[in-house]
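Structure, as structure tokens:
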Amino acid sequence: KRVAILISGRGSNMAALIEAARAPDYPAEIVGVLSNRAAAPGLATAAANGIATASLAQSKFLSRDMFEDTMTQILESWEVDYVCLAGFMRILGEDFVNHWLGRMINIHPSLLPAYKGLHTHERALADGVTEHGCTVHFVTPGLDEGPTILQARIPVAAGDTPETLAERLLVEEHRIYPEALRLLASHQVKL
Ligand code: GRF
């Protein structure tokens with residue numbers, strides 16, 4: 195199965211997917227990385243791994259639909275079966291989401307349905323939760339609302355800051371994202 199990853203920044207989850215997909219028995223190959231920011235550090239990581247890259251700024255398009263149609267054209271030129279959002283910081287429109295429905299997944303740094311949206315670590319700490327986590331889910335038109343594929347949980351430690359929590363959680367993100375893509379690409383989960 196052919197997979198593209200959409201990023202906006204660092205791309206550490208992207209790197210974890212690329213690394214996992216190198217295993218000979220992994221059911222998917224990462225064939226392209228698309229960023230909405232030309233300066234995303236993850237683009238250089240992808241290129242260094244011999245993966246096709248593209249970047250496209252939404253601000254250069256007259257509408258979100260035109261931007262997203264162009265993204266779909268690029269993804270289709272790469273002949274992708276699945277799309278992984280990995281720190282892609284734009285909300286996607288309904289047409290784009292429906293075009294890829296069942297074939298697009300996202301990683302979110304909270305135990306969904308808790309803490310949809312941004313600043314999840316800050317909000318979880320402010321609430322005094324004892325447990326935090328991350329979720330890989332199918333992308334559906336409602337923001338961070340699609341059905342869960344996998345979750346990982348970590349305990350919140352006394353003295354945790356948003357930064358320490360994010361750092362510990364990232365280890366779990368890098369573990370469950372490749373596992374969730376493996377389940378999807380081998381038809382063990384479907385929407
Ligand atoms: C991760 O925390 C991910 O869960 C969230 O954005 C962050 C992206 O980090 N959606 P990276 O670009 O994968 O390093």
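At position 22 of the sequence shown (counting the first as 1) the number is 216 in the working numbering, and the numbers step up by one without a gap.
Where is the CB? At the ideal position from N, CA and C, for every residue including glycine.
None of these values were measured; they are calculated from a predicted model.
The C-beta distance from Ser202 to Ala234 rounds to 6 Å, short enough to fall under 8 Å. Judged by DSSP in its simplified three-state form, Asn300 adopts strand. Taking 8 Å as the upper bound for CB-CB distance, Ile224 and Ala248 are not in contact here, some 14 Å apart.
Glu213 and Cys328 have their alpha carbons spaced roughly 20 Å apart.
Ranked by Cα distance from Ala318, the options Leu363, Pro335, His331 are led by Leu363.
In this structure, DSSP gives Ala232 a state outside helix and strand, which the three-state scheme calls coil.
Sequence-distant partners of Leu306 (beyond 5 residues in either direction) whose C-beta falls short of 7 Å from its own C-beta, in its chain, are Thr329, His331, Asp338, Thr342.
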